Amino acid sequence: MDTYKRKELLVGALMLAAGLFYLFLTINLPRKGFIDASTVPYILAIGLCLLGVLQLLAARTATPPASDPDDEAAGEEKSPPDYPTVFKTLALIAIYVALLQKVGFLIMTALYLYVQFIVITPREQKVNHITYVIIAVVASAAIFFTFRQGFDLMLPTGFLKF
Numbered sequence: 001m002d003t004y005k006r007k008e009l010l011v012g013a014l015m016l017a018a019g020l021f022y023l024f025l026t027i028n029l030p031r032k033g034f035i036d037a038s039t040v041p042y043i044l045a046i047g048l049c050l051l052g053v054l055q056l057l058a059a060r061t062a063t064p065p066a067s068d069p070d071d072e073a074a075g076e077e078k079s080p081p082d083y084p085t086v087f088k089t090l091a092l093i094a095i096y097v098a099l100l101q102k103v104g105f106l107i108m109t110a111l112y113l114y115v116q117f118i119v120i121t122p123r124e125q126k127v128n129h130i131t132y133v134i135i136a137v138v139a140s141a142a143i144f145f146t147f148r149q150g151f152d153l154m155l156p157t158g159f160l161k162f
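This is how it looks when you write it as structure tokens:
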């Protein structure tokens with residue numbers, strides 16, 4: 001068995017193992033009804049298990065690509081890793097977690113998403129502030145009200161108190 005096939009099988013086995021472990025942890029969550037706070041973890045665990053099985057099935061018949069997709073053409077330079085973006089993202093996550101209880105989910109999530117969109121926008125692309133604000137606010141509100149009304153799960157409201 002060649003190295004490429006072994007790597008593909010290993011990835012599939014690790015995905016399946018992670019999915020089964022996550023499913024095992026999810027089974028221990030208390031249930032309140034058919035749809036509750038443990039519904040999404042069940043969906044994620046089952047999805048990860050299915051992806052692991054599909055990866056294992058695909059790896060059985062995998063053939064190595066003609067050229068390594070990670071290698072760039074000989075004439076092109078490799079771009080260095082973008083460490084500042086990684087550090088900015090980690091800092092944003094830390095700030096988000098630190099302020100989530102005090103400020104609230106709606107405001108902090110909208111702010112986090114907006115700033116994260118700016119951070120991950122490539123330098124050569126213009127930052128579209130209006131689109132980023134709309135997406136951040138709509139996504140934050142949709143997630144908040146889905147958990148509040150759909151799953152009857154309280155997220156931190158912060159100083160909004162509703």
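In UniProt numbering, the protein residues as written are 1 to 162.
Beta carbons are placed, not taken as given, at the ideal position from N, Cα and C, and that holds for glycine.
Everything numeric in this text was worked out from a predicted model, so none of it was measured.
Item to check | Three or more C-beta pairs below 8 Å linking the segment 103–110 and the segment 80–90 | outcome: no
Checklist entry - Who are the Cβ neighbours of Met15 in its own chain at under 7 Å, not counting the five residues just before and after it? => result One-based indexing of the sequence shown puts residue 15 at position 15. The answer, listed in chain order, is Leu48, Leu51, Gly52 and Gln55.
Checklist entry - Lys88: which of Tyr112, Val133 and Gln149 sits nearest, CA to CA? => result Along the sequence shown, read from residue 1 onward, the residue named residue 88 stands at position 88. For the residues Tyr112, Val133 and Gln149, the minimum Cα distance to Lys88 belongs to Tyr112.
Item to check | Same chain, Cβ closer than 8 Å to Phe144, five either side skipped, listed in chain order | outcome: Position 144 of the sequence shown, counted from the first residue, corresponds to residue 144. Excluding positions up to five away in sequence, the list reads Phe105, Leu106, Thr109 and Leu155.
Checklist entry - Anyone know if the C-beta pair for Gly19 and Ala45 falls short of 7 Å? => result One-based indexing of the sequence shown puts residue 19 at position 19. One-based indexing of the sequence shown puts residue 45 at position 45. Cβ atoms of Gly19 and Ala45: closer than 7 Å.
Checklist entry - Does the separation of the CB atoms of Ala136 and Tyr114 fall below 7 Å? => result Mapped onto the sequence shown, residue 136 falls at position 136. Mapped onto the sequence shown, residue 114 falls at position 114. Contact: yes.
Checklist entry - Between which two residues does the alpha helix (DSSP H) containing Leu155 stretch? => result The residue labelled residue 155 in the question sits at position 155 within the sequence shown. Neither: Leu155 is in no alpha helix (DSSP H) and is coded neither H nor E.
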